[in-house]
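Reading through the structure tokens given below for one structure.
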Amino acid sequence: MERGAIPTDEIAGAVDVQATLESGQTYLWWRPDGTTYETDGASGGDAWYRTVVDGDVVEVRQTDAEIEWRSTTDADPLVRDLLGLRDDLYEIRAAATGDDLATAAWDAYDGLRIVRDPFFGCLISFICSAQMRVERIFAMQESLREHYGEPIEYDGETVHAFPEPAALAAATEDDLRDLKLGYRAPYVQRTAEMVASGELTERDIDGRAYELAREELTEFVGVGDKVADCVLLFSLGYLEAVPLDTWIRSAIEDHYPDCDRGNYADTSRAIRARLGPYAGYTQTYLFHYLRSGGDE
DNA sequence: CTCCAGGGAGCCT
DNA sequence: AGGCTCCATGGA
């Protein structure tokens, strides 16, 4: 096992690992100590978090002046990527053009960064997110890992990676329904099949102009505009992407009513124009802030 | 009991 | 393009 630490003062802007990993933007990290998000939220400040990327286990925790990591590999560059530590939060916040609500959200969770999840895991987890509570989305991904993920021996225990596309493609709809995926089961199976067969993959999407990339993503089964935006924002680094979910729609209704243009594409353009070039960043702060009851 | 959760597909006009 | 309706599951 390799270990290392990234001094926080090397990072442009604040870092808050707990806010980053528990704000509902990624479902691919978990606490290896078994404590859960939400219920033990206040105690997660110095907890370890674990994920698996390309067969390597990666663990991080935040201490006073460092982001500490342990891994099966030299994970320093990987951790910087995964947690958005390369984002210049000073610049990003300076470019944010919201209102009092946006300012309050940024102030409340300073240091929350946009993650860069691996593409396939991000895609599947957000397909699962449809009409589902945050806590249960975590549970569904854990179930997928335990049943279909490659086992890795690590520090005396067995850790399961997120399933490979071929593994989920080989599952049947009924298999996945048994894992309580509900009507999302066939979406997950068919999308996994598309990736596994090469019909549509990350390479066909990453790098394309934002709106084209979003449209392309909706070719996956179970992926509409909202889930596509989540993948663009939380995996591929399209920081302008604003997932229009129930929470941000409510915020638009209350705080930016003129941005509601009646359809997804036009409302998206209007809210992006309102929030600035890193609109997805502000959206994620708003989502976490509103969902945590900060607007009360 | 009803209502709802980080929506999307299928079908209709 | 825009407007239904249905879709599983579990907690409030």
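To convert, note that position 11 of the first sequence is 11 in our numbering; the numbers rise steadily by one, no gaps.
Ideal Cβ positions, reconstructed from N, Cα and C, are used throughout, including at glycine.
For the candidate residues the options, whose alpha-carbon lies nearest to that of residue i?
i	options	result
Val115	Met1, Asn263 and Leu78	Leu78
Ala19	Tyr183, Ala251, Asp266 and Ala108	Ala108
Asp174	Arg190, Val159 and His160	Arg190
Ala14	Arg113, Gly156 and Leu212	Arg113
Leu236	Asp245, Asp46, Thr201 and Ala171	Thr201
Leu119	Ala130, Asp88, Gly98 and Pro163	The question names Leu, but residue 119 is Phe in the sequence shown. Considering only alpha carbons, the answer is Pro163.
Thr97	Gly293, Ile271, Tyr289 and Phe287	Ile271
Glu10	Asp99, Asp88, Val134 and Tyr289	Asp88
Val57	Ala65, Asp64 and Thr73	Thr73
Arg61	Ala102, Pro7 and His288	Pro7
Glu153	Leu239, Ala265 and Gly55	Gly55
Tyr289	Gly121, Trp247 and Tyr278	Trp247
Gly222	Glu2, Ile127 and Gly121	Ile127
Leu85	Ala171, Thr172 and Ala5	Ala5
Gly262	Thr218, Arg249, Arg3 and Asp254	Arg249
Gln283	Glu253, Leu181 and Leu239	Leu239
Val195	Glu135, Ile67 and Cys122	Cys122
His255	Ser292, Ala209, Ala104 and Thr36	Ala104
Pro165	Val134, Ile124, Ala12 and Leu21	Ile124
Ala12	Tyr90, Leu21, Trp29 and Asp260	Tyr90
Glu199	Asp206, Phe220 and Tyr210	Phe220
Per DSSP, which one or two residues make a beta bridge with residue i?
i	result
Ala192	Beta-bridge pairing links Ala192 to no other residue.
Leu159	The question names Leu, but residue 159 is Val in the sequence shown. Its beta-bridge partners are Ile152.
Gln62	Ile67
Ala5	Glu68
Asp56	Val53
By Cβ distance, which residues of its chain are closer than 7 Å to residue i, with the 5 residues on each side in sequence left out?
i	result
Leu176	Ala185, Val188 and Gln189
Gly111	Ala14, Val15, Asp16 and Ala19
Glu268	Reading off the sequence shown, one finds Ser at residue 268, where the question assumed Glu. These residues qualify, in order along the chain: Val242 and Leu244.
Ala95	Gly276, Pro277 and Tyr278
Ala171	Tyr148 and Gln189
Apart from the five residues on each side of it in sequence, which residues of its chain come closer than 6 Å, Cβ to Cβ, to residue i?
i	result
Pro243	Lys226, Asp229 and Cys230
Glu193	Ala169
Leu233	Ala241 and Gly280
Glu59	Trp48, Arg50 and Arg70
Leu179	Ser143
Ala167	Tyr148
Glu160	It is worth fixing the name first, because residue 160 is His in this sequence and not Glu. Correct list, in chain order: Arg145, Glu146, Gly149 and Pro151.
Asp76	Gly4
Tyr37	Glu22
What does the Cβ neighbour count give for residue i, buried or exposed, with the cut at 16 atoms within 10 Å?
i	result
Glu157	exposed
Pro257	exposed
Met140	buried
Pro151	exposed
Ser23	buried
Leu212	exposed
Thr26	buried
Arg93	buried
Ala102	buried
Ala65	exposed
Ala251	buried
Tyr183	exposed
Gly45	exposed
Arg31	buried
Ser197	exposed
Arg133	exposed
Arg274	buried
Tell me the DSSP secondary structure of residue i in three-state form.
i	result
Ile11	coil
Tyr278	coil
Asp266	helix
Trp29	coil
Met132	coil
Glu173	helix
Leu200	coil
Asp88	coil
Arg80	helix
Ser125	helix
Ser235	coil
Ile114	coil
Glu216	helix
Ser300	Lying outside 1 to 296, the shown extent of the chain, residue 300 is not represented and no answer is given.
I'd like the list of long-range same chain contacts for residue i, defined as Cβ closer than 8 Å, with 5 residues on each side in sequence excluded.
i	result
Asp33	Ala47 and Trp48
Val53	Leu78, Leu82 and Pro118
Asp204	Glu216
Arg214	Asp225, Ala228, Asp229, Leu232 and Ala241
Met1	Arg70, Ser71, Thr72, Tyr154 and Asp155
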